[in-house]
Amino acid sequence: MMTKEEESQPMRRIVSLFFAITIGWVFCESVLRVLVPSPIFYSTWFTEGVHQRDPHFGFVFRPDYDGAMRNVDQVWMEPVRLDARGFRQSAVSHGRRSSSNEISPKQPVRIVVLGGASMGFGYGLADDETLHHQVAQRLPDACEIDLISWPGFTLGQDVQKLTQMLEPSQYDVAVVLAYGPDDYVHQSDWDTLDPPGNLTMIDSVVIPKDPAAQLGGDLYWNSYVVAGTCRLLRVPANLLAGNVRDLGAPQEDTANENLESGKPQMLLASERLKSLGVDSVLIVALPRQTGMLGPEVLPDSADATMIDLRQEPENRRFDWIAYGHYGPDAVKHLAEKIARVIESRD
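Just so we're aligned: the sequence shown equals residues 2 to 347 in the numbering used here.
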């Protein structure tokens, strides 16, 4: 027959284990929070206040934001200042051909750049290093280039921004940057606005989608230990579910399939821009660090000029920062190609 002391031993072990786990949890949580700032742990790629909620788009970039971009991969506190509409500063060039002797100088060419998400935005780059500034520096005639690309926004959303926040007919040229898988396939609702209702923000910065957060729920955003555990469990959880796509590998094969029965989004965007009064459209297929995306041969377009730059990373000057974003030398190389096509337009 068991004594009272023997009967109480399992309970003591459970209590001891509970206290040990609690102390270990608190210790790990404290050490991690000292060593790793919250913005880095949860990948807030901007300093506080860059985003604000919006009923149409879900969120937008805050007008007149003055902060910095931050990423552990060669981008640490790179200053960024947005204009009164939340866009990066416009590029203005007086051109190499302009002369003070001209009686009536030509009006500057008005250009708008959209698409490409964070690639078009120039994440990690100073203003004068961004693609639209580099293009402006290489055009011989005076020009004004507005950039409306935002990280996390699709090409269809950029077209909606153009119609709601600017006047499309003021532009002589629209440069459409094709980068993501959706840009190369047909979707009937490509420009439909369907803002997510559960955006996660830390210090008014939208957090990139993290599949591991589905395992931890609200605790994921409040505990480093829970978040780290969920990230470790995500791989076996996906394997058990047979969901290999969620392992973090890019879902690029879908864009290499047939274009089905409709036009890809980049062509739909071109047609929309022409109908809105833009004189000419240039579609630029951008390269990716992970390899070429989209059909081997780009589709023909009667409404736009196409330029395929997807093979350009083979150039030795191509550099990458912030997990696959273009570095300064890469942007210069792309800008040279784009400016040459704009210059040769009719």
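We treat Cβ as the ideally placed atom computed from N, Cα and C, and that holds for glycine.
Bear in mind that the values here come from a model prediction, so they are computed numbers and not experimental data.
Provide the residue(s) that pair with residue i in DSSP beta bridges, ordered along the chain.
i	result
L83	R89
L148	V114
S94	C144
W321	Y327
D55	G59
V177	L115 and I284
T306	L283
F47	M70
V207	M202
V298	In DSSP, V298 forms no bridge with anything.
V226	In the DSSP output, where bridge partners are listed per residue, V226 has none listed.
V76	N72
Report buried or exposed for residue i, applying the criterion of at least 16 other Cβ atoms within 10 angstroms of its Cβ.
i	result
K162	buried
A127	exposed
A303	exposed
P31	The displayed chain sequence assigns Ser, not Pro, to residue 31. It is exposed - the Cβ of S31 has fewer than 16 other Cβ atoms within 10 Å.
Q108	exposed
A21	exposed
N72	buried
M12	exposed
A85	exposed
A250	For A250, the predicted structure reports a pLDDT of 41, less than 50, and the residue's modelled location is therefore unreliable. A value from the coordinates is still provided. Flag for A250 reads exposed.
H95	exposed
D1	Residue 1 is absent from the structure shown; the chain starts at 2 and stops at 347.
D219	exposed
R235	buried
G198	exposed
L18	exposed
S170	exposed
What whole-angstrom Cβ distance do residue i and residue j have, given they're in contact under 8 Å?
i	j	result
P141	E344	6 Å
M178	L287	Going by the sequence as given, residue 178 is Leu instead of Met. Correct: roughly 6 Å between the Cβ atoms.
L274	V285	Actually they do not touch by this definition, with Cβ atoms about 14 Å apart.
E145	R111	6 Å
V332	L132	5 Å
P182	H57	That pair is no contact at about 24 Å.
P348	A92	A question about residue 348 goes unanswered here, because the residues of the chain that appear run from 2 up to 347.
Y185	G295	4 Å
Y180	V113	The pair is not a contact, with the Cβ atoms about 17 Å apart (cut-off 8 Å).
Would a check of beta-carbon distances place residue i closer than 9 Å to chain D?
i	result
S91	The displayed structure is made up of one protein chain only, and chain D is not part of it.
For residue i, which residues of its own chain have a beta-carbon under 6 Å away from its beta-carbon, when the five flanking residues on both sides are left out?
i	result
V136	A336, I339 and A340
T45	I203 and V206
R97	P141
Q138	none
W26	V226
D147	S91 and V113
Can you tell me the Cα-Cα spacing of residue i and residue j, whole angstroms?
i	j	result
I149	Y124	13 Å
T291	Q312	11 Å
W151	V279	21 Å
G87	P329	23 Å
M166	V51	18 Å
R232	A213	5 Å
I15	D211	34 Å
S119	H326	8 Å
A175	Q53	27 Å
D129	V76	16 Å
D320	G117	17 Å
D55	T48	19 Å
M267	L36	44 Å
W191	R346	28 Å
M78	S276	41 Å
P122	T230	In the sequence as displayed, the identity of residue 122 is Phe instead of Pro. Computed Cα separation, rounded: 33 Å.
H334	G217	43 Å
So, for residue i: in the same chain, excluding its five sequence neighbours on each side, which residues have a beta-carbon less than 7 Å away from its beta-carbon?
i	result
D67	R82
K264	H187
E168	none
Looking only at its own chain, which residues have a Cβ that is under 8 Å from the Cβ of residue i, when we skip the five neighbours before and after it?
i	result
F42	L33, Y225 and A228
D74	I322, A323 and Y324
T201	V207, I208, A214 and W222
C29	Y225 and V226
M293	R311 and Q312
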